[in-house]
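A.B. asks: The numbering of the sequence shown is the UniProt record's numbering, which starts it at 1 and goes up by one. We put the beta carbon where it would ideally sit given N, CA and C, even for glycine. Just so we're clear, the structure is a prediction, and the values are computed from it rather than from any experiment.
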Amino acid sequence: MKNTLLGMSLVAVFALVSCEKDKASSLYTDAEKEAQASEVVDPATAPKLQFEQSAYDFGDIPAGSKVEHYFKFTNTGKSPLIIKDGKGSCGCTVPEFPKTPIAPGATDSIKVSFDAGKFQGKQTKTVTLTTNTAAKEEKLTISANIPTGEQAPTQQAPAMSPLNAQ
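1) Going by DSSP, what residue range makes up the beta strand (DSSP E) through Asn-132?
2) Are the region 55–63 and the region 73–89 touching, with three or more C-beta to C-beta distances below 8 Å?
3) From which residue to which residue does the beta strand (DSSP E) around Val-112 run?
4) For Gly-149, is the classification buried or exposed, using 16 other Cβ atoms within 10 angstroms of its Cβ as the cut-off for buried?
5) In terms of residue numbering, what span does the beta strand (DSSP E) encompassing Ile-102 cover?
6) Thinking Cys-92 and Gly-121 are a contact (beta carbons under 8 Å), I'd like their distance in whole angstroms, please.
7) From Glu-68 to Ala-144, what distance separates their C-alpha atoms?
8) Would you mind working out which of Pro-95, Ala-103, Thr-107 sits nearest Lys-125, comparing C-alpha positions?
9) Kindly indicate which residue of Leu-140, Ile-146, Pro-147 has the alpha-carbon position closest to the one of Glu-52.
10) Could you give the C-beta distance for Thr-130 and Asp-85, rounded to a whole number, given that I count them as a contact under 8 Å?
11) Using only the alpha-carbon positions, how far apart do Pro-43 and Gln-50 sit?
12) Rounded to the nearest angstrom, how far is the Cβ of Phe-71 from that of Ile-102, given a contact under 8 Å?
13) What does the Cβ neighbour count give for Glu-138, buried or exposed, with the cut at 16 atoms within 10 Å?
14) Cβ atoms of Val-127 and Ser-89: under 9 Å apart, would you say?
15) Just mark Lys-87 as buried or exposed, buried being the case when its beta carbon has 16 or more other beta carbons within 10 Å.
16) Taking the straight line between their C-alpha atoms, what separation do you get for Ala-106 and Ser-54?
So this is what it looks like as structure tokens:
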């Protein structure tokens, strides 16, 4: 009985401590984001995010397919570029971005995945990147058409890789 009570007590204490750590880290993240948002960035020395293209159209894709595109970019500014966050306009659009600073003159890419799910017709989705550029936010746009019925394509659209990305 004592062992059971002791075990349950340890589990309860561990759960409470874990919750507090999660709460503290999320508060820190919000405070950090507020501090970064109020930073004044000198446009003359700030990093600049230059995309080869900021919009991509997948064309016709079948319902339920998953496609991805790599948006290539260069930091054309004078200081390291930091992408602090990236969010899709809905859960079907997921960006993957570099987590380390991008040196001036360096090139990298952002992978944007789109899950067509049960969507139909023309779909346009946005990815918003929070950065340390003078603009503070950059936007990427993807679009696709998911035909219905007899117009639907029968093969899944090819996934883009960094080697064949446009």
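C.D. replies: In brief:
1) For the purposes of this step, residue 132 is taken as the residue at position 132 of the sequence shown. Neither: Asn-132 is in no beta strand (DSSP E) and is coded neither H nor E.
2) The region 55–63 is not in contact with the region 73–89.
3) Within the sequence shown, the letter at position 112 stands for residue 112. For Val-112, the uninterrupted beta strand (DSSP E) run begins and ends at 107–115, by DSSP.
4) The residue given as residue 149 occupies position 149 in the sequence shown. Around the beta carbon of Gly-149, fewer than 16 other beta carbons sit within 10 angstroms, so the residue counts as exposed.
5) Locating residue 102 in the sequence shown gives position 102, counting from the first residue. Run containing Ile-102: none; DSSP gives neither H nor E here.
6) Working through the sequence shown from its first residue, we reach residue 92 at position 92. Working through the sequence shown from its first residue, we reach residue 121 at position 121. That pair is no contact at about 14 Å.
7) Here the question's residue 68 lines up with position 68 in the sequence shown. Here the question's residue 144 lines up with position 144 in the sequence shown. Cα to Cα, the separation comes out at about 11 Å.
8) Start at 1 with the first residue of the sequence shown, and residue 125 comes out as number 125. For the residues Pro-95, Ala-103, Thr-107, the minimum Cα distance to Lys-125 belongs to Pro-95.
9) By 1-based counting over the sequence shown, the position of residue 52 is 52. Put simply, of Leu-140, Ile-146, Pro-147 the residue whose alpha carbon is nearest the alpha carbon of Glu-52 is Leu-140.
10) Stepping through the sequence shown from its first residue, residue 130 is reached at position 130. Stepping through the sequence shown from its first residue, residue 85 is reached at position 85. The pair is a contact, with the Cβ atoms about 4 Å apart (cut-off 8 Å).
11) As a position in the sequence shown, residue 43 is number 43, starting the count at 1. As a position in the sequence shown, residue 50 is number 50, starting the count at 1. Computed Cα separation, rounded: 14 Å.
12) Here residue 71 refers to the residue found at position 71 when the sequence shown is read from its first residue. Here residue 102 refers to the residue found at position 102 when the sequence shown is read from its first residue. Between Ile-102 and Phe-71 the Cβ distance is about 13 Å, and since that is not below 8 Å, they are no contact.
13) Here residue 138 refers to the residue found at position 138 when the sequence shown is read from its first residue. Under a 10 Å Cβ-count criterion, Glu-138 is classified as buried, with 16 or more other Cβ atoms of the shown protein chains found around its own Cβ.
14) Position 89 of the sequence shown, counting from 1, holds the residue named residue 89. Position 127 of the sequence shown, counting from 1, holds the residue named residue 127. Contact flag set, yes.
15) Reading the sequence shown from its first residue, position 87 is the one you call residue 87. Lys-87 should be labelled exposed.
16) In the sequence shown, the residue the question calls residue 106 occupies position 106. In the sequence shown, the residue the question calls residue 54 occupies position 54. Whole-angstrom Cα-Cα distance: 18 Å.
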